[in-house]
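Each step along the sequence shown adds one to the number in numbering that gives the first Met the number 0, with nothing skipped, and position 162 is 161. The beta-carbon is built from N, C-alpha and C at its ideal position, and this holds for glycine as well. First comes the structure, then the notes that go with it.
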Amino acid sequence: MRQFLDGFSTKSFGSFGCMLVLMCSCEKETPPPMPPVPITAVHVIPQNIPANFEYVGVAESSHIVELRARVEGYLEKIGYQEGGLVHANDVMFVLDQRPFVAALDMAKGDLARQEALLWNAEQSKNRMVPLYKQNAVSQRDLDDALAQELAAKASVMTAQANVAQAKLNLEFASIEAPVTGMASKAIFREGALISPGPNSLLTNIYVIDPIWVNFSVSEGDILKARKEISEKRLLYPEGMQFSIEVVMADNSTMPAAGKIDFTDPALQQSTGTMLVRSILANPLGWLRPGQFVRVVVKGATRPNAIIVPQTAVLQGQNGTFVYVVTKDGKAAIRPVDLGDWYKDYWIINSGLAKGDIVIALGINRVQNNTPVVVKTWMPSTPAEGTDQELQEDSLGF
């Protein structure tokens, strides 16, 4: 052992000690600080934004007419294109008119006969009056003459009514469209015997300009709206004048905006929803009864709403959160309560305030307390606000 130690000189021990000192000094060096992560941020600015509500709607004719026969006769002609547009006063069905023409002629002949009898009765009365004054005839004779005149007048009135009825029956033999709309198929064909009564339906006419669009609002949506109104987070337009936008299956939008013209005062027990009806112009016939559409109810506003891009919101074990930039330039987790979507932004109900800086892009490179530097800024809002006069309403729709 001593021989082994003797093999090391004093110089060797000195060199070995220096190496130990160097090694210790290397272990105690601190790593350089991590450079700030470049991110894209957005300023939190409260603003008024539109509040739109979307529902599934079904188109319905604003007026359905059941075209029925009023007189009995054989169908002679169908005068319209089935499934096509008909205008008011267009002749759609024609019954055999010959029996009605004959009945009118008979009524006119009877009227002429009754008028002749009335003339004769008037002449008899006129002759009877001076004779009665001369005591040439009795009171009874005069009364009989007056009665015959009155009876003749009544017969004339009856005959006139029969003529009028015969004219109506002749008119009813030509069945016209009472409204402008789309006509369904004809139930009877030429040659069929048509009779008034339960089986008198000839076709249906559907008025589609204007057209109704019905949609249902759930009880949950109504209660949510009332709560937001009471918390000053939602305002309805003045006079509840909502604007209705109708979007069809191909994402095309109806040119004309509609309006709400009816709200059911009661909820449907089976569905827990309230029926709302809107009406809008449909001059081109794009909407047909039974067609499903998307209904966008516009006009409400969220005052002083706080919104952030959807890319800024993350989901964690404890709920949703965003990263904000602190005053010392570090990322910090901030829990938030989400509201509805607005375009590509989230509405934040709570958790953020005016002046906060929220990280919108670059989140995957940061964590809590990571130094960051804002390289670019994202717009604080995707759309304009609203200047319309608003009022509160606590009754929902």
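- Taking Cβ to Cβ, would you say I38 is nearer than 8 Å to V335? No, the Cβ-Cβ distance between I38 and V335 is not below 8 Å.
- Query: Which word fits F241, buried or exposed, when buried means at least 16 other C-beta atoms lie within 10 angstroms of its C-beta?
  - Reply: buried
- Query: Is the CB-CB distance between V43 and L351 below 8 Å?
  - Reply: yes
- What whole-angstrom Cβ distance do V85 and T179 have, given they're in contact under 8 Å? With a Cβ gap of about 7 Å, V85 and T179 count as contacting.
- Indicate the three-state DSSP secondary structure (helix, strand or coil) for C23 in the structure shown. Residue placement at C23 is flagged as unreliable, the pLDDT there being 49, under the threshold of 50; the coordinate-derived value follows with that caveat. Three-state result, C23: helix.
- Query: In its own chain, which residues sit with a C-beta less than 6 Å from the C-beta of K184, not counting the 5 before and 5 after it?
  - Reply: Excluding five sequence positions before and after K184, the CB atoms of its chain that fall closer than 6 Å to its own CB belong to E81, given in chain order.
- Query: Where M33 and R232 are concerned, what is the direct C-alpha to C-alpha distance, given to the nearest angstrom?
  - Reply: About 42 Å.
- Item | Among Y131, L145, Q159, nearest to M105 - alpha-carbon criterion | Q159
- Item | C-alpha distance - I346 paired with I306, whole-angstrom precision | 4 Å
- Those runs of the alpha helix (DSSP H) which lie wholly inside the region 299-339 and span at least 4 residues: none
- So what's R91 in DSSP terms, helix, strand or just coil? First, the residue type needs correcting, since residue 91 is Met and not Arg in the sequence shown. DSSP places M91 in strand when its eight states are reduced to three.
- Query: Using the C-alpha atoms, what's the distance from L266 back to T380?
  - Reply: 37 Å
- If you compare alpha carbons, which of S251, V294, V371, T300 is closest to D339? T300
- Which class does R287 belong to by DSSP, given the choice of helix, strand or coil? coil
- Note down, in chain order, each residue of its chain lying with its Cβ closer than 6 Å to the Cβ of N88, except the 5 sequence neighbours on either side. E175
- How close, in whole Å, do the beta carbons of K258 and S277 come, if the pair is a contact with beta carbons under 8 Å? 6 Å
- Item | Same chain, Cβ closer than 6 Å to A144, five either side skipped, listed in chain order | Cβ neighbours of A144 beyond the five flanking positions: S123, K124, M127.
- Taking the Cβ atom as the reference point for each residue, do N51 and P302 lie within a distance shorter than 8 Å? no
- Task: Determine the burial state of W376: buried for a count of at least 16 other Cβ atoms within 10 Å of its Cβ, exposed for fewer.
- Result: exposed
- Would you call the region 184-200 and the region 208-227 in contact, with 3 or more CB pairs under 8 Å? no
- Message: Taking the beta carbon of V20 as the centre, do at least 16 other beta carbons fall within 10 Å, making it buried, or is it exposed?
- Response: Legend: pLDDT at V20 = 47, less than 50; position of this residue unreliable, value from coordinates given subsequently. That one is exposed.
- Touching or not, the region 277-293 and the region 242-257, by the rule of three or more beta carbon pairs under 8 Å? yes
- Item | Buried/exposed call for A68, threshold 16 Cβ in 10 Å | buried
- Query: Using CA coordinates, which residue listed in V371, G108, P177, F187 is at the minimum distance from A331?
  - Reply: Per the Cα distances, V371.
- Y131 (DSSP reduced to helix, strand or coil): helix
- E81 by DSSP, collapsed to three states: which one? coil
- Message: Can you give me the C-alpha to C-alpha distance between L74 and E189, rounded to a whole angstrom?
- Response: In a straight line, the C-alpha of L74 is about 5 Å away from that of E189.
- Item | Between the CA atoms of I204 and N62 - distance to the nearest angstrom | It should be noted that the sequence gives His, not Asn, for residue 62. Approximately 8 Å, taken between the alpha carbons.
- Task: Kindly indicate the opening and closing residues of the beta strand (DSSP E) around R232.
- Result: Per DSSP, R232 belongs to no beta strand (DSSP E) and is neither H nor E.
- M33 in three-state terms, based on DSSP: DSSP places M33 in coil when its eight states are reduced to three.
- Query: Between the C-alpha atoms of Y322 and Q309, what's the straight-line distance to the nearest angstrom?
  - Reply: Those two C-alpha atoms are separated by around 13 Å.
- Item | DSSP state of I121 mapped onto helix, strand, coil | The amino acid occupying residue 121 in the given sequence is Glu; Ile does not appear at that position. It is helical.
- Query: Should S269 be labelled buried (16 or more other beta-carbon atoms within 10 Å of its own) or exposed?
  - Reply: exposed
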